[in-house]
Structure formats: C-alpha cells, structure tokens
Amino acid sequence: MVSRCSAAPDTAAVQARPAGRRPPVRRRFRLTSPGGAAYRFGSNRAILTGIFPDAPGKPPGEPVDQPQRPVPAGNERMGRMAEMRGRRKRGTATRWLLAAGLCALTALAACSPRVDIRGNAAEQEDIVRIRQGVTSAADVRSALGPPSTVSAFDNKIWYYISKREETVAFMAPEVKNQQVIELQFDDKQVVKRIRTYGLNDARKVDRVSRTTKAEGDEPGIFRSMIDMIVRRRAVTGRSRGSYGL
Numbered sequence: 257m258v259s260r261c262s263a264a265p266d267t268a269a270v271q272a273r274p275a276g277r278r279p280p281v282r283r284r285f286r287l288t289s290p291g292g293a294a295y296r297f298g299s300n301r302a303i304l305t306g307i308f309p310d311a312p313g314k315p316p317g318e319p320v321d322q323p324q325r326p327v328p329a330g331n332e333r334m335g336r337m338a339e340m341r342g343r344r345k346r347g348t349a350t351r352w353l354l355a356a357g358l359c360a361l362t363a364l365a366a367c368s369p370r371v372d373i374r375g376n377a378a379e380q381e382d383i384v385r386i387r388q389g390v391t392s393a394a395d396v397r398s399a400l401g402p403p404s405t406v407s408a409f410d411n412k413i414w415y416y417i418s419k420r421e422e423t424v425a426f427m428a429p430e431v432k433n434q435q436v437i438e439l440q441f442d443d444k445q446v447v448k449r450i451r452t453y454g455l456n457d458a459r460k461v462d463r464v465s466r467t468t469k470a471e472g473d474e475p476g477i478f479r480s481m482i483d484m485i486v487r488r489r490a491v492t493g494r495s496r497g498s499y500g501l
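Spelled out as structure tokens, the structure:
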C-alpha cells in the first residue's frame, strides 16, 4: 500500500491569524489499496475517490463473495452454552416421557386382573377318559390325583373341587369359574356314576349373625392382671434356666 502526505497552508486562515501565531495546517492522506481503490482522508471523514474493480467471472452489479470472518471467542462460548441448554431441554423432555410411560405401564399392570386357580383342577381330556363301569378307583387317582374331599357319610363318593378367581387391584376376588366333579364307586371300586357341577349350580349360603356363648366364667380385670404376672414370671424363669443362671 502506497501512502502520500501533503501539507498546504490555508490562505484565509493566514490572513485572519493574529500576529505571532503559526498558520494552521490541514493535513490530507491519500491511500491507495492493492486492488486499485484510492481513499482520501480529511480531518473528519473519508471520501471514496476510487472505484473497486469488478470481480473476475462476475457480471456488473452481482454481489461479490466475501471471505468468512472468524467467530469471536465470546460468540463461540455463547453458541456452546445454547447448544448445552438445548441438549439439557431434550434430556429433560426424554426423562419426562420415560416417567409418563412407566406410570402408564404401572397403571395398566395394576388394572390387569390377577388370576388364581384353587383346588384340584381336572383337565377335560382326563375327565373324558373316565368311563362308568370301566375305570377303577386306582385309575381315577392316577389320572386326576387324590380327591379334594370324600363324603362324610359314604367314603365311596369322591369330590374334585376347583375354582378360578380374578382379583383386580385392591378389590375382593371374584369367582369366574367353579367346577365340582362327583365320582361314586360301587363295591368293586369301579366308577358307578359321574356328575359335574358348575358355578350356576352353586347355592348361596346365608350365614347367621347370631353367636353362641361359650360355657365358663369370664375373667375379670384383677384375674387378667394376675394371670399376666404369672405368665411373665414363668417366661422369665424359663429364660434364666436356659442360660444357666
């Protein structure tokens, strides 16, 4: 870059200056850039006196590609902080979604019924294999297992009892299916009769709220206190004897 400096006295200032003072000097700088642009700097402003040459391969009036300026360190730090905030927000949203999904799965698991099968549940295939007048008691025990109960008045009648219950959350269990198989044997321990009862055949039994008073004296307050002291002494003496005291 070429720099030229010229100093010229101001005639009006020279004529109006008081005696004994130096005339003011107005300085001008003319700078020429390597691309062919000439600048003239005055005391307060810069006036463009040259013309920028057109970029090669670009028609007149088209914008010229400018080189990218490096990003200052402060802007880079702010960009990193913004990126970290974005990642943190995405991570928080992901955690909230996972928590909501777990809550939904827990609610579904709590609402799904729990199935319990109680008793001796006999398969239909095993029941079909039992025939009247053919199958013996030993074969029945081998196929269905031991009976759930035997009749109190006739030991030749066997009962196989099973039921299926469903429990939802903290509610009381509900019986969905119940099956009772009654097998009656003859004197030769051969199946004489087969009966099957379902849930529709069951009858609801109303319990009596009345209670029967047990015979005997009811202990009073002093009697209860004396019994408690005696029991405590007996327990203390037994523990000391076990430790050899």
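The opening position of the sequence shown corresponds to residue 257 in our numbering, with each subsequent residue numbered one higher.
Glycine is no exception: its CB is placed at the ideal position from the N, C-alpha and C atoms.
Discussion item. Under 8 Å, with one C-beta from each stretch per pair, do the stretch 334-350 and the stretch 391-398 reach the 3-pair mark?
Written reply: Short answer: they don't touch.
Worksheet item: How is Val390 classed by DSSP in three states: helix, strand or coil?
Response: It is coil, neither helix nor strand.
Worksheet item: At which residues does the beta strand (DSSP E) containing Val436 begin and terminate?
Response: For Val436, the enclosing beta strand (DSSP E) stretches over residues Glu430 to Phe441.
Item to complete: Could you tell me whether the stretch 364-382 touches the stretch 415-435, where touching means 3 or more Cβ pairs closer than 8 Å?
Response: In short, these stretches touch, since the Cβ pair count reaches three.
Practice prompt. Have a look at Gln440 and Ser465 and give me their C-alpha separation to the nearest angstrom.
Written response: The alpha-carbon separation between Gln440 and Ser465 amounts to approximately 36 Å.
Worksheet item: Excluding sequence positions up to five away, which residues of its chain have a Cβ less than 7 Å from the Cβ of Asn433?
Response: The answer, listed in chain order, is Lys419, Arg420 and Leu455.
Item to complete: Answer with buried or exposed for Leu400, where buried requires no fewer than 16 other C-beta atoms within 10 angstroms of its C-beta.
Response: The residue in question, Leu400, is buried, as its Cβ has 16 or more Cβ neighbours within 10 Å.
Discussion item. Tell me the rounded alpha-carbon separation between Ala470 and Ala490.
Written reply: Taking the straight line from one Cα to the other gives about 28 Å.
Worksheet entry | Beta-carbon separation (whole angstroms), Ser407 vs Tyr416, contact threshold 8 Å | Contact flag wrong, Cβ pair sits at about 13 Å.
Practice prompt. Look at the alpha carbon of Asp457 and the alpha carbon of Ile383, and state the distance between them as a whole number of angstroms.
Written response: Taking the straight line joining both Cα atoms gives about 19 Å.
Discussion item. Can you tell me whether Arg301 is helix, strand or coil according to DSSP?
Written reply: With a pLDDT of 43 at Arg301, under the threshold of 50, the modelled position of this residue cannot be trusted, and the question is left open.
Worksheet entry | Three-state secondary structure assigned by DSSP to Glu379 | If DSSP states are grouped into helix, strand and coil, Glu379 belongs with coil.
Worksheet item: Is DSSP giving Ser465 helix, strand or coil here?
Response: Looking at Ser465 - three-state DSSP - the assignment turns out to be coil, as it is neither helix nor strand.
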